[in-house]
Structure formats: C-alpha cells, structure tokens
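Chemist:
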Amino acid sequence: MPAADPTATQPVAYGDGLHARGCPVVHGPGGEVIVVGHEETRRVAEDAETFSSSVSRFLQIPNGLDGEEHRRFRALLDTYLDASVVQNLSGGFHAVAREVVAEHLTGETVTVDAVGDLGDTFAVRTMLDWLGWAPELEDRLVAWVKENNVATRSGELERTAAAAAEFDAIIDAAVGPKLADPGEDVTSRLIEDDSLGRRLTREEVVSILRNWTGGDLSSMSYCIGVLLKALADNPPLQERLRAGVGGAEFEAIVDEVLRRDSPFVSNRRVTTCPVTLGGVEVPEGNQIRLHWTAANRDPEAFEDPDGFDPEAHADKNLVWGAGPHYCPGKALSMVELEAFLTELLRAASVRNPDWEEAQPAAVREIHPVGGWSSLPVTLVRLDG
Ligand code: HEM
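Reminder that position 135 of the sequence shown reads as 116 in my numbering, one-by-one numbering, no gaps.
Following this line, the structure appears as structure tokens:
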C-alpha cells in the first residue's frame, strides 16, 4: 500500500492525485489507513460493527458512539433535526439571510468575502436563532469560528487546545442561564429531555451542543463559499435558482455542487477486527480515515468527477456520509442554505471579481478542511 500524507495538502488535489495512481486505500501518518475509493468509503461507513466510531477518549454524542447506545441517542436527537421540525425554522432563517445580505450589499456593486463575511455571520446567526442562545454571543462565536479554523489548519496543539477551551467557555455562557431558568427553546428542551427515561447529564448536553455547533458552523460557512463560487462560475445555474426550484430539485443541485468540492473532508473510525480493505490487510485496532472529499470524486463512481449531473450522481453522493452515522443535520442545513441563497439571489447577482484586484485574495483550504478559506465574490444589486 503506498503512503500519502494528506497534511498541508488541498483535499481535492490530494484525492485526485491518488485516483490518478489507482489507489483506493493508502497509508497516512502514524499508521492511519486513509480510504479514498468510493466503494471502500461507503463500505466502511455502512459497516459500523467492523469500523467503530469510538475513536476519541472524549465523550462525543452521537459521533463517537456505536451500536445500541448510538441508536438510542440518534433516536432522541433526530426529533430535534427531523425535516418536518426544522422546516418551521425557514421563516426565521429567511429573515436572518435578508439582514446579512443587507448588511453587506452596501452599494450597487460590492466585493465581499463569501466565507468570512457572509458565511460565518449567517451560520452563527442562524445557529443562535435555532438554539435560542443570546444574540450577544454572536461576535464571540464568529471570532471563535475564525480562530478555530486557523488553529485547526496550524496543527499546533497549544493553539487548538486554546480554541477548544474558548468554545467550552462559550457553551457554558449559553447553557448556564438555561439550566437556571429553562425556556421553550431547543437548548432548554434538550436540558429537560427525558425520552431516555432520565434527564441528560450536563456533560451529555454539552457534548451534543458541541457537535451541533463546533464543527457544523464551519461546515455551513464553507458550504456557502463553495456554492457561491459555483454560482459565480455558472450564471445559468444562478438564473435557475432565482426562478425558484422545488425542495427536491434544490437539494439535488446543492448536493451535486458540494460533491465536486466537499468542504467536510473526513471522519475517523477504528477497526474492531482484522479486515481486508481495497486489497490491503488492516489489523484490529487500526485507525481509519474516511476521505469523503476524495470518495466523492472517484472516477470509478463518477466518470467525470467535475461534471454537473445532479440526478445521475445522487445515489452515489457521499457529501452527508452513509450508514448509521449519516448526517442528521442535512435537513437543517438545507433549510439554512435555501433561505440564504434565495435571499441573496433575490437581491443581487453573484460574479467572480477581477481576480488580480480582489481583496481578500481567493485562498483554498488545506487538510483537515476543504473548500475556500476566503473567497471574494462581487455582488451586483438587482433592481426592485
Ligand atoms: C453544513 C454542512 C454539513 C455537512 C457537509 C455535514 C456532513 C456530515 C457527514 C459527512 C457526517 C458523517 C460523519 C461520520 O460518518 O462519521 C455528518 C455527521 C453528523 N453531522 Fe453533519 N454535516 C453538515 C451540517 C450539520 C449540521 C448543521 C448539524 C447539526 C446541527 C450536523 C450534525 C451532525 C452530527 C451530530 C453528526 C454525527 C451523526 C452520528 O454520529 O450519528 N451536521 N455530517
């Protein structure tokens, strides 16, 4: 099995390079096995008995759980994230999107950072709205998202530990008042949830909120970057969305754009027994990394990985994972993205700026995240 270190590489280029060499499974640093083939990635994700999600010494609900315990927590959590439940948030999210667009569309033509200006603000504000957290936490949370991205990219342990500590402090500031005086919001409902036959412990509540917010604020913001780049590159697609598309069609378009440049790059597993994967013998207890970005561009599954064919590629799309850990936040993400894109395209057309003059510069992200770390887009106000 060849070795290929993903560190400090751009995930799309990393995966494409391995596909060109015909390597579905490679050795990463520290003996980790990295799975980039589509078939192998799906197999690992769907076989949760052989490939355990219990990879961290920290409590991770539901990400780090297996088997029956995972199923019980997923049943509880899915009631908060079910499509019929989150659809009710649409009106509030449209209002947030209108605000964010108005705050940045300050002239007839403006150039803004799709990720740092639009994505981060929209992701944080909708999350505060959904969870019922105090609006005063916005600046702190936006600053945290930016610092956490830099810290993750740097790989410096001290910096990542400081970002984790700041995040715990933010969660404490959000949860503390709800514990003392619960309301009707999602965080309070979680604190008072007794569907497991008991209340959740404070540690469990904090772990759930960390998983809902910590990684997913960045994912939402990165998704917005990738989507706005696709729209700037493809004016007819912009027109199609502006004319209004149905829920299923909207979802298929978003899935396909994200498939080509998946910003949510990878997840880990550990083998519970010896296994052969992509022709490679992997011993028990071996760390595995599922590389969604690479799997979503495997030419064995997608003849032209850069092609745009939402219908034909839907069944093989792995942007939201596969198997028992399939993303429970997809419906919520779609309600957010529908609100954001609808309001943005109603107000403006999205163009690529003059790249030489664009500030900030367009910068691709590197492992362990994908998409763009900054992406200038020009917004041209539409009449009416
Ligand atoms: C915005 C774009 C998002 C993308 C691309 C994304 C992608 C993914 C993927 C690929 C997985 C599978 C992880 C695995 O197999 O180990 C996952 C799991 C998960 N996602 Fe998302 N996600 C997004 C947004 C969200 C949001 C908004 C939430 C919640 C508010 C969320 C909550 C979760 C949770 C809790 C899991 C773990 C599920 C489990 O272990 O059973 N995600 N996500």
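All residues carry an ideal CB built from backbone N, CA and C; glycine is no exception.
Measure from the alpha carbon of Gly12 to the alpha carbon of each residue in Thr22, Ala(-16), Gly(-2), then state which is nearest.
Modeler: Ala(-16)
Chemist: Report, in whole angstroms, the separation of the C-beta atoms of Val238 and Thr274, which I expect to be a contact under 8 Å.
Modeler: Rounded, the Cβ-Cβ distance is 13 Å, inconsistent with contact.
Chemist: State the start and end residues of the unbroken beta strand (DSSP E) segment that holds Ile269.
Modeler: 268 to 272
Chemist: Could you work out which residue in Glu317, Ile234, Phe283 is closest to Gly72 when comparing CA atoms only?
Modeler: Glu317
Chemist: Output needed for Ile151: all residues of its chain with C-beta closer than 7 Å, excluding positions within five of it in sequence on either side, in chain order.
Modeler: So the qualifying residues of the chain are Leu118, Arg121, Leu122, Trp125.
Chemist: Are the stretch 255 to 269 and the stretch 294 to 312 touching, with three or more C-beta to C-beta distances below 8 Å?
Modeler: no
Chemist: Between the beta-carbon of Ala211 and the beta-carbon of Leu222, is there less than 8 Å?
Modeler: no
Chemist: Over the uninterrupted beta strand (DSSP E) stretch that includes Val(-7), give me the two end residues.
Modeler: Per DSSP, Val(-7) lies in no beta strand (DSSP E); the unbroken alpha helix (DSSP H) holding it starts and ends at -8 to 1.
Chemist: Give me the DSSP bridge partner(s) of Ser33.
Modeler: Val251
Chemist: Shorter than 7 Å, the distance from the beta carbon of Gly3 to the closest heavy atom of the ligand HEM, or not?
Modeler: no
Chemist: What do you reckon, are the CB atoms on Ala104 and Met(-18) nearer than 8 Å?
Modeler: no
Chemist: The ligand HEM and Asp197: does the residue's C-beta get closer than 7 Å to at least one heavy atom of that ligand?
Modeler: For the ligand HEM, at least one heavy atom lies less than 7 Å from the Cβ of Asp197.
Chemist: Which residues in the same chain have their Cβ closer than 8 Å to the Cβ of Gly164, if we skip the five residues on either side of it in sequence?
Modeler: Gly113
Chemist: Going by DSSP in three states, Asp149 sits in which element: helix, strand or coil?
Modeler: helix
Chemist: What does the Cβ neighbour count give for Ala293, buried or exposed, with the cut at 16 atoms within 10 Å?
Modeler: exposed
Chemist: Compute every distance between the C-beta of Leu313 and the non-hydrogen atoms of the ligand HEM, then say whether any falls below 7 Å.
Modeler: Yes, the beta carbon of Leu313 sits closer than 7 Å to at least one heavy atom of the ligand HEM.
Chemist: Taking the CB atoms as reference points, tell me whether Lys127 and Asp149 lie closer together than 8 Å.
Modeler: no
Chemist: Contact between the stretch 340 to 353 and the stretch 131 to 148 is defined here as three or more beta-carbon pairs at a separation below 8 Å; is this criterion met?
Modeler: Segments in contact, yes.
Chemist: State the Cα-Cα distance for the pair Gly206 and Ala95, rounded to the nearest angstrom.
Modeler: 5 Å
Chemist: Would you call the stretch 20 to 36 and the stretch 254 to 262 touching, i.e. three or more CB-CB distances under 8 Å?
Modeler: These segments touch.
Chemist: The beta strand (DSSP E) spanning Thr90 covers which residue range?
Modeler: 90 to 94
Chemist: Between which two residues does the alpha helix (DSSP H) harbouring Ile172 extend?
Modeler: Note, Ile172: alpha helix (DSSP H), 167 to 173.
Chemist: Where DSSP assigns a beta bridge to Glu262, which residues make up the other side?
Modeler: Thr257
Chemist: Going along the chain, which unbroken runs of the alpha helix (DSSP H) with 4 or more residues stay wholly within the stretch 188 to 223?
Modeler: 216 to 223
Chemist: Select from Pro116, Asn248, Val361, Ser314 the residue whose C-alpha is nearest the C-alpha of Ser35.
Modeler: Ranking the options by Cα distance to Ser35, first place goes to Asn248.
Chemist: When the Cα of Gly259 is compared with those of His8, Asp(-3), Asp(-14), which residue comes out closest?
Modeler: His8
Chemist: Of the choices Asp(-14), Ser37, Ala1, whose alpha-carbon is the least far from that of Val14?
Modeler: Asp(-14)
Chemist: Return yes when at least one heavy atom of the ligand HEM lies under 7 Å from the C-beta of Pro(-8), else no.
Modeler: no
Chemist: Does Arg55 come out as helix, strand or coil in the three-state DSSP assignment?
Modeler: helix
Chemist: For Tyr(-5), collect the residues of the same chain with a Cβ closer than 6 Å to its Cβ; drop the 5 residues on either side in sequence, then sort them by chain order.
Modeler: Pro(-13)
Chemist: Buried or exposed: Asp279, going by 16 or more other Cβ atoms within 10 Å of its Cβ?
Modeler: buried
Chemist: From Arg327 to Ser355, what distance separates their C-alpha atoms?
Modeler: For Arg327 and Ser355, the distance between alpha carbons rounds to 23 Å.
Chemist: Given this structure, state the Cα-to-Cα distance separating Pro334 from Gly97, to the nearest angstrom.
Modeler: 16 Å
Chemist: Terminal residues of the continuous alpha helix (DSSP H) containing Trp353?
Modeler: Segment 353 to 355 is the beta strand (DSSP E) holding Trp353; no alpha helix (DSSP H) there.
Chemist: May I ask you to report which of helix, strand or coil DSSP gives Val17?
Modeler: coil
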